[in-house]
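Using this note's numbering, the letters of the sequence shown map in sequence onto residues 1 to 925.
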Amino acid sequence: MQIPTLYLKGTFNGWGLDTPLTAINDHTLQATLCLSTDQYRFKISDLDGTKQWTLSGHPTKAVECALENVLPLVNTQGIGNDLLFTPQAAGHYTVTIDLASDTPAMTIEQGEQQSEAVTQRPPVDIALEAIEAEQQEWRKPSFALEANDLFANLAITETTPFTFVFGDNVDGYYHGTTHTFINSGKYRHHQGWLFGGFASFINRVINDKTQAKQASLIPYGLEHHYPSSQDCLSLMQEKRQVAISVKSDTEQTLNLLPELNIPSHYVQVHQSSNHIILELDDQVCPEGCPKFVSLIANHAVQVEELTPEQVRSIAEPMQLSSNNINLLFSTKEEQTELVLYISFAHQRQEAEYMAEDAAEKGALVRHQQAIYQFLCNNYLWTNDVEYNRAVMWARLASRTFVSHEFGTGIWAGLPWFKDCWGRDTFIALSGTSLVNGFFEEAKAIIENFAAMQMTDESSVNFGRIPNRVTSKTNIIYNTTDGTPWMIREALEYINYSGDEAFAKAIYPALKRFISGVEKHYLAQDGLMSHRHPDTWMDAKIDGAIPWSPRGPKANDIQALWFESLHCAMALADLVGDDESKQQWHTRASQVKQSFISQFWNSEQSCLADHLTDGDKPDYSVRPNQLMTISIPQQESLTTPDIEQHIVKNAVDKLLFPWGICSLQQQHIDFHPYHDNQSQYHKDAAYHNGTIWGWNAGFTVTALTRYKQQDFSYQLSKNLAKQILNQGCRGTMSENLDAYQHDSNKLVESGTFAQAWSVSEYARNAQQDYLGYRPQLLDNRINIAPKLPQQWTKFNASLPYGDNKQIVLGYSSDNEVTRYAFSSSEESEAMSDIELVLTLDINNRHYAEVRAPLAIDLEIIINQESGEVTTNTSKAAVTIHNQPNYELLEELEFAQPDISIAHNSILNQDYLRNKRENQEFAVAKD
1 MQIPTLYLKG
11 TFNGWGLDTP
21 LTAINDHTLQ
31 ATLCLSTDQY
41 RFKISDLDGT
51 KQWTLSGHPT
61 KAVECALENV
71 LPLVNTQGIG
81 NDLLFTPQAA
91 GHYTVTIDLA
101 SDTPAMTIEQ
111 GEQQSEAVTQ
121 RPPVDIALEA
131 IEAEQQEWRK
141 PSFALEANDL
151 FANLAITETT
161 PFTFVFGDNV
171 DGYYHGTTHT
181 FINSGKYRHH
191 QGWLFGGFAS
201 FINRVINDKT
211 QAKQASLIPY
221 GLEHHYPSSQ
231 DCLSLMQEKR
241 QVAISVKSDT
251 EQTLNLLPEL
261 NIPSHYVQVH
271 QSSNHIILEL
281 DDQVCPEGCP
291 KFVSLIANHA
301 VQVEELTPEQ
311 VRSIAEPMQL
321 SSNNINLLFS
331 TKEEQTELVL
341 YISFAHQRQE
351 AEYMAEDAAE
361 KGALVRHQQA
371 IYQFLCNNYL
381 WTNDVEYNRA
391 VMWARLASRT
401 FVSHEFGTGI
411 WAGLPWFKDC
421 WGRDTFIALS
431 GTSLVNGFFE
441 EAKAIIENFA
451 AMQMTDESSV
461 NFGRIPNRVT
471 SKTNIIYNTT
481 DGTPWMIREA
491 LEYINYSGDE
501 AFAKAIYPAL
511 KRFISGVEKH
521 YLAQDGLMSH
531 RHPDTWMDAK
541 IDGAIPWSPR
551 GPKANDIQAL
561 WFESLHCAMA
571 LADLVGDDES
581 KQQWHTRASQ
591 VKQSFISQFW
601 NSEQSCLADH
611 LTDGDKPDYS
621 VRPNQLMTIS
631 IPQQESLTTP
641 DIEQHIVKNA
651 VDKLLFPWGI
661 CSLQQQHIDF
671 HPYHDNQSQY
681 HKDAAYHNGT
691 IWGWNAGFTV
701 TALTRYKQQD
711 FSYQLSKNLA
721 KQILNQGCRG
731 TMSENLDAYQ
741 HDSNKLVESG
751 TFAQAWSVSE
761 YARNAQQDYL
771 GYRPQLLDNR
781 INIAPKLPQQ
791 WTKFNASLPY
801 GDNKQIVLGY
811 SSDNEVTRYA
821 FSSSEESEAM
831 SDIELVLTLD
841 INNRHYAEVR
851 APLAIDLEII
861 INQESGEVTT
871 NTSKAAVTIH
881 NQPNYELLEE
891 LEFAQPDISI
901 AHNSILNQDY
911 LRNKRENQEF
921 AVAKD
């Protein structure tokens, strides 16, 4: 029997393919891991995760593994049926797989299997010269804090261990834990990891991370602080490179020891005058893993390869593998700082260039400057520092997911959604790329997915972009909403950037999508039909039948279809396609009429979640109804009266202080907890009660649309605490349990970091609270702030066009509100962009102010008298009466009702049994 390369895949390696099992003989495989005292979940799998070569302990249940116990394995796929291992002591553990019989078996033993191979090369002991670095000039915008002040304000500092994550924006990420050496972190590439943690030393005395006074997550890296020194790890952006550094209060001999996952007898060492390059043997370099590693310091250093005895002598806490190459870098003269750049490349020449470029240009300082410039490009700093910090970290976290693995894209989440999903990408695009002024990036992402659009007219997926892109050949199209989200974001990109030429480029993809809908999914009433699991609530039992059936007509899908038609009309104007525009106008009018007549129950004042077969409304209360408010950009799908009832129903029945439930708790299918439940598979709860972080985004949008910003801000502040104080710091998880028992210790689930969770939080700040909506397609920029009463002042910068900004200042006391606007427009004569402001005067009136964008504009509002004055006669001011939203005046958060006897808790596999008996059509992909 031919045995493929098998891997240990689990939480110890981000479910990656970086722990291959090595053949000991023709039927025995082994791998050694360095583990901390934690619970690990894993499976054994081949490269593609095929059923024949995916092994676990039980077909459907998780199985605990005991030391030195022979455990039979079964062929199985799925979720929740992992092998579990909980080491009682930190150290090395060896996993052995025996394939001699028809029933594979696994054994876990403590200790490291020593290789009998002997290193043929001499040990490294070389001196490296320094390269003089360029001096870097810092630039501070007038509206922003100084860089050091901003970084200090944003620092997340704790005295106990916490996790963190950075992305390199190529194909890798670093996920680590503070205050530890064992399994402290790994820099994971497309495949494999070569760099883990590191130790710093003062005069060869280790800085013990386990005893560090504190650890600080800074926008540019992770610091540990000791009595008279500190060290830092930084992952560079848009390159495979990491910087590790140590600083001392006084001049000392400084040392750095990186953890390199490179077997010493499978590496060649190449030396130049200022750097060394490690070349991995093909046997330990899986496909997709960088083969060359270059190391260079900012000072002259001595590089010494440590023997196992030396490692135990000076770096015992690190528990480094004696099989790997262990290099100690020491300053030749006493210094106050030592920086070591470690670069990873597929070619030796590239590794050499990256090393020397990093040293010459002071890559660490440049990285810090780039982070500072990023933070200032979409700047918001209010008098509420906690909220400022959360927004800045949400923006930073969103950048973790931007990659160039298969063209420009946005990963859905880490660790197990390290691929690009069409739906997730375009929901996240606005808060990841557009609000931050990365317009070329947004365009590249749209173009990348549009290039993968299905063009086979005979396919039921004709006109669709992929649902998921895992590799260049592993692409699936099972999504109804991915393509309309892309179309929506294409128009939003044009409105932010002013790139009207892009309309002509994307127009064929847009027409192809509409043609595909008309050919395969258009109902007689003009609404768009779809399979049950092809909405964002897409979980399936055994990949076949839906956990949360919402077909054939879900409310959010109709909102996206309606918006797609309006986007199409806007682009048809630009390309001069009047005939199509008129057809789409007629179609959109039909959609709106059909939607209101079939989804809205005027007697009960509620909106159906979806229409079942025969257009029967299902009135299950889900958060999707809020997307019928947030998705349309040009024209509302319903009416203000209907939308207010939608908001109230969703808040009253779904919105807990920590997030909005995916199903109301009174529903017979509600699941109060997500993961680790013996009564049901976690996917049963996935969209049936479990809270999704990204849903808070459209919730805030809907609330602020109807002037409920003080209520929505309570939710935003609660989410701020999640970002800053819980889970993987500085980011947001995918999910939360619906029922929580301690708001300060929320039970998170799903991925530890999810793109659309943080991107939506960042988007809310700019688009909803600041009310910033560029509309450059019409030469207009709209700003309609919905400011929480807690804000008494702020400075903001808002990107638009070709690297341009609007700078906005605000202050308010009991009687007077002041606004100041300035832009990057060179002159009024060169710009015909109009600034349209909608500003609250008081509870009775608001002002509409129109002025050329190119002028500096100051506005003073007297809240008591209602007087509005400006500094220029070029500003036109019109006063309007405030709308009345009496229905929403007394909104309150819902609370868990623990008295409810939920079927999901009372009956084993309640929902699975129910769904299997409902005889839904199989929907395999």
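From the three backbone atoms N, C-alpha and C, an ideal C-beta is built for every residue, glycine too.
Residues of the same chain with a CB within less than 7 Å of the CB of Gly730, apart from the 5 flanking positions on each side, are Ile156, Phe164, Leu217, Trp393, Leu396, Ala397, Ile723 in chain order. Annotation for Thr177: the continuous beta strand (DSSP E) segment containing it runs 173 to 177.
His532 carries a helical assignment under DSSP once its states are collapsed to helix, strand and coil.
In its chain, beyond the 5 residues on either side, Leu380, Val391 have a beta carbon closer than 7 Å to the beta carbon of Ala765.
Residue range 755 to 763 is occupied by the alpha helix (DSSP H) that includes Ser759. Within its own chain, the residues whose Cβ lies closer than 6 Å to the Cβ of His674, once the five positions on either side in sequence are excluded, are Lys682, Ala685, Thr690, Asn735, Asp737, Ser749, listed in chain order. With a cutoff of 9 Å on beta-carbon distance, Leu327 and Tyr341 are scored as not near each other. Our two residues, Arg512 and Asn461, have alpha carbons roughly 11 Å apart in a direct line. Within 10 angstroms of the beta-carbon of Arg139 lie fewer than 16 other beta-carbons, which makes it exposed.
Within the segment 802 to 867, the complete beta strand (DSSP E) segments of 3 residues or longer fall at 804 to 812, 816 to 823, 834 to 840, 845 to 852, 857 to 862, listed in chain order.
In its chain, beyond the 5 residues on either side, Asp525, Lys553, Gln598 have a beta carbon closer than 8 Å to the beta carbon of Asp615. The beta-carbon distance between Leu256 and Leu338, rounded to whole angstroms, is 6 Å. This is short enough to meet the 8 Å contact definition. Beta-bridge pairing by DSSP links Phe462 to no other residue. Straight through space, the alpha carbons of Asp577 and Glu500 are spaced by roughly 15 Å. Between Arg423 and Asn474, the C-beta gap is not smaller than 9 Å, which leaves the two residues out of contact. Closest by C-alpha distance to Ile262, out of Arg399, Thr19, Leu145, Val647, is Thr19. Residue burial is scored here from C-beta neighbours: Thr878 has fewer than 16 other C-beta atoms within 10 angstroms and is therefore classed as exposed.
Annotation note: the segment 866 to 895 contains the following uninterrupted beta strand (DSSP E) runs of length 3 or greater, listed N- to C-terminal: 868 to 870, 876 to 881.
The count of Cβ pairs closer than 8 Å, one atom from the segment 198 to 215 and one from the segment 351 to 366, stays below three, leaving the stretches out of contact.
For Met318, the CB contacts under 6 Å within the same chain, skipping 5 residues up- and downstream, are Phe181, Ala199 in chain order.
The alpha carbon of Ile410 has as its nearest neighbour, out of Glu890, Val469, Tyr353, the alpha carbon of Val469. Here Ser343 is near Ser294, since their CB atoms are less than 9 Å apart.
Taking a cut-off of 8 Å on C-beta distances, the segment 891 to 911 touches the segment 655 to 668, as three or more cross pairs fall below it.
In its own chain, leaving out the 5 sequence neighbours on each side, no residue places its CB closer than 7 Å to the CB of Leu906.
No Cβ-Cβ contact shorter than 9 Å links Ile783 with Ile833. Judged by beta-carbon spacing, Asn555 lies beyond the 9 Å limit of Ser605, meaning their Cβ atoms are not closer than that value. Less than 9 Å divides the Cβ of Pro788 from the Cβ of Tyr769. A check of alpha carbon separations from Val124 across Asp481, Pro640, His275 identifies His275 as the nearest. Membership of Arg587 in any beta strand (DSSP E) is not indicated; the residue belongs instead to the alpha helix (DSSP H) covering 578 to 599. In this structure, Ala66 lies away from Lys540, with their beta-carbon atoms at least 9 Å apart. If you ignore the 5 residues before and after His224, its C-beta comes within less than 6 Å of the C-beta of Lys209, Ala212, Ala215, Asp231, all in its own chain and listed in chain order.
Collapsing the DSSP output to three states places Ser200 in a strand. With distances taken between CA atoms, Thr483 lies nearest to Ser564 out of Gln790, Ser564, Ala720, Ile646. Within the same chain, Cβ atoms closer than 7 Å to the Cβ of Leu637 are found at Ala559, Phe562, Lys592, Phe595, Thr628, the five residues on either side in sequence being excluded. By the neighbour-count criterion, in which a residue is buried when 16 or more other Cβ atoms sit within 10 angstroms of its Cβ, Gln634 is exposed.
Take the alpha-carbon of Tyr493 and the one of Ala755: they are about 19 Å apart.
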